[in-house]
Amino acid sequence: MAFGKLTIDWRSTLAAVWRSNRHFLKPIRNVDLVNPDTLQGIDAQKEALFRNTEHFLRGKPASHALLWGARGVGKSSLIKAVLTRYHTYGLRMIQISKDDLSVLVDITDEIVDSHHRFIIYCDDLTFDEGQGEYRMLKSTMEGTLEKPPENVLIYATSNRRHMMPEQLSDNLATSMVNGEIHLGEAVDDKLSLADRFGLSLPFHAMNRDTYLEIVDKLFKGRVQDAELLHQEAMAFATERGGQSGRTARHFFNHCQTGLN
């Protein structure tokens, strides 16, 4: 595939990232392939996203997916795990930031005739008031006069369920007509983007047991006093403002000097 300055051979390239400063797709040589078995506490989300991806690869109806919720509990890692699990079945991935959504149609035009199937990955997909990039995303997902490409899905992560801030003023325009609730124009516009994602997977804050289970796996065979390890891990999580898989990995890295 030729785009910008490079030609990408998708037979040997698993993923690429859009570089806006040079306006081209850069092949990723060292892909962060996350082992699905390392993801703890999100079994239901993992199963749903894998099943959706399998339908996509088999040419069955599949949905764009939005992974939303708490920070550091595995949203981005799960999307990476999808590529790990299915790249041998012809799945490829392209990462693009929300600031570059204006070139999304150009990218899909280049890959629409490929025999590979692509997931466009948008991490931390949130929009501030006044930003209009989400309208480009909406048209790409559902098409306009031209049908959306059958070999492309969008998987996105967001800390917000609707990807945009919800203001009290939005709700002031909501009205009741003949017993039915009519949303204000601002609210309706915000919900319309989230509605494009047929698969919406919530990620909630991690509980103590799951957090410590991840800690135990990271430190397996390295420490003798599990109770002391748990106490220090919980104190670290309190300092960092919450328990998550990301916090567990940071705690592990923080302790490496003392373990060596």
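For any residue, its number in this note's numbering is found by taking its place in the sequence shown, counting from 1, and adding 3. Just so it is clear, CB atoms sit at the ideal spot from N, CA and C, and this is done for glycine as well. All of these numbers come straight from a predicted model, not from anything done at the bench.
Around the C-beta of His67, 16 or more other C-beta atoms lie within 10 Å, and the residue is accordingly described as buried. Under DSSP, Cys125 shares a beta bridge with Ala159. The residue among Lys220, Ile122, Gln48 with its C-alpha nearest the C-alpha of Leu81 is Gln48. In the structure shown, Gly245 adopts coil according to DSSP, grouped into three states. Taken through DSSP and simplified to helix, strand or coil, Ile97 comes out as strand.
By the Cβ neighbour-count rule, Lys150 is exposed, with fewer than 16 other Cβ atoms within 10 Å of its own.
Taking a 10 Å sphere around the C-beta of Gln259, we find fewer than 16 other C-beta atoms and assign the residue as exposed. Annotation: Tyr89 to Gly244 spans about 34 Å, alpha carbon to alpha carbon. If only uninterrupted beta strand (DSSP E) runs of at least 3 residues are considered, those enclosed by the stretch 60 to 122 are 68 to 72, 94 to 98.
Counting only the Cα atoms, Asp109 lies some 15 Å from Ile122. Val85 sits close to Phe53, with the two beta carbons spaced by under 8 Å.
Judged by beta-carbon spacing, Thr160 lies within the 8 Å limit of Lys78, meaning their Cβ atoms are closer than that value. Annotation: Gly248 to Ile11 spans about 34 Å, alpha carbon to alpha carbon. The beta strand (DSSP E) runs of length 3 or more contained entirely in the stretch 192 to 235 are, from start to end of the chain, 202 to 206. For Val20, the enclosing beta strand (DSSP E) covers residues 18 to 22. With contacts defined by Cβ atoms closer than 8 Å, Arg95 and Trp21 do not form a contacting pair. Per DSSP, the beta bridge partners of Leu28 are Trp21. A straight-line Cα-Cα distance of about 41 Å links Pro152 and Lys220. Rounded to the nearest whole angstrom, the CA to CA distance from Lys101 to Asp126 is 8 Å. The Cβ-Cβ distance between Val155 and Thr87 does not fall below 8 Å.
Inclusion of Gln98 and Glu216 in the CB contact set at 8 Å is not warranted, their separation being larger than that value.
The DSSP-derived three-state label of Glu153 is coil. Under the three-state reduction of DSSP output, Leu140 falls in the helix class.
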